[in-house]
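Below you'll find the structure, written out as structure tokens, and then a few comments.
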Amino acid sequence: MLIQADAVPRKPADPFDFGGGHMNPGRAVDPGLVYDMDPKEYNKFFNCTLGLLDGCESYQLNLNLPSIAVPDLKNRVIVWHTITNVGPVEASYTSVDEAPAGVALSVEPSIISFTTGGSRSVTFKLTFMAKQRVQGGYTFGSLTWSDQKSYSVRIPIVVRTVIEDFVADTS
Numbered sequence: 010m011l012i013q014a015d016a017v018p019r020k021p022a023d024p025f026d027f028g029g030g031h032m033n034p035g036r037a038v039d040p041g042l043v044y045d046m047d048p049k050e051y052n053k054f055f056n057c058t059l060g061l062l063d064g065c066e067s068y069q070l071n072l073n074l075p076s077i078a079v080p081d082l083k084n085r086v087i088v089w090h091t092i093t094n095v096g097p098v099e100a101s102y103t104s105v106d107e108a109p110a111g112v113a114l115s116v117e118p119s120i121i122s123f124t125t126g127g128s129r130s131v132t133f134k135l136t137f138m139a140k141q142r143v144q145g146g147y148t149f150g151s152l153t154w155s156d157q158k159s160y161s162v163r164i165p166i167v168v169r170t171v172i173e174d175f176v177a178d179t180s
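Residue 10 is where the sequence shown starts when you use this note's numbering, and the numbers rise one by one after that.
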């Protein structure tokens, strides 16, 4: 059954309407991986949204939230995120990406491993490339880290391709 958006009749819901998905309380207490962030980063983000700091565009793209938004993809954008292992000490995860429509997506590294005595956190790079030179609306995808056994950590991705900054988004 298709979920409908609340504010607009007959509009199918998208991740802007339903967020990252449904919560499973049992799995939430043992997620395997988390997108951890120092509370100070929230303060910097808040100051960026108020226009109190310069150079915030790159910072906002790389904010280590459990979601990724690229609002103005012209050609290519690189985003960095860090995941922290809170599950078994010995673990290996493989990335499974679902690229938004009209966008090529690559994840490096695509396999991450955690070992005894090694780091609990790994930073990975996502490269977004516009496949079409169009002024587009928002398209959605996801990135999932899976250990192929117990853990599957999925985050939503939203991208809007643009040709020119001054062209209004009418979608």
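Using N, Cα and C, we set each Cβ at its ideal position, and we do this for glycine too. On a predicted model such as this, the values are computed, not experimentally measured, just so you know.
Check	Outcome
Would you please verify whether the beta carbon of R19 is less than 8 Å from any beta carbon of chain D?	No chain D is present in this structure, which holds just one protein chain.
Check whether the stretch 33-46 touches the stretch 78-97, taking contact to mean three or more Cβ pairs, one atom from each stretch, closer than 8 Å.	yes
Identify the residues that DSSP records as bridge partners of D138: which are they?	Per the sequence shown, the amino acid found at residue 138 is Met instead of Asp. DSSP, once it has assigned bridges, lists R85, A113 as partnering M138.
In whole angstroms, give me the CA-to-CA distance for P82 and I166.	For the record, residue 82 in the displayed sequence is Leu; it is not Pro. Approximately 13 Å between the Cα atoms of the pair.
Terminal residues of the continuous alpha helix (DSSP H) containing P48?	48-58
Ordered along the chain, which non-local residues of its own chain (more than five positions away) have a Cβ less than 8 Å from that of A100?	G41, N94, S122, F123, D156, Y160
Below 8 Å between beta carbons: does that hold for D26 and A37?	no
Is it the case that the Cβ atoms of L74 and V88 are separated by a distance below 8 Å?	no
Which same chain residues end up closer than 8 Å to F54 when comparing Cβ atoms and leaving out the 5 residues on each side of it in sequence?	Y68, Q69, L72
Can you give the Cα-Cα distance for A108 and V162, rounded to whole angstroms?	16 Å
Find the nearest neighbour of T148 within the set T125, G127, I77, judged by alpha-carbon distance.	I77
Measuring only the C-alpha atoms, how far is I164 from G145?	22 Å
Suppose the cutoff is 7 Å on Cβ atoms and the five residues either side in sequence are ignored; what does the same chain contact list for C65 look like?	C57
In chain order, what residues of the same chain lie with their CB nearer than 8 Å to the CB of V143, ignoring the 5 residues before and after it?	G111, T170, I172
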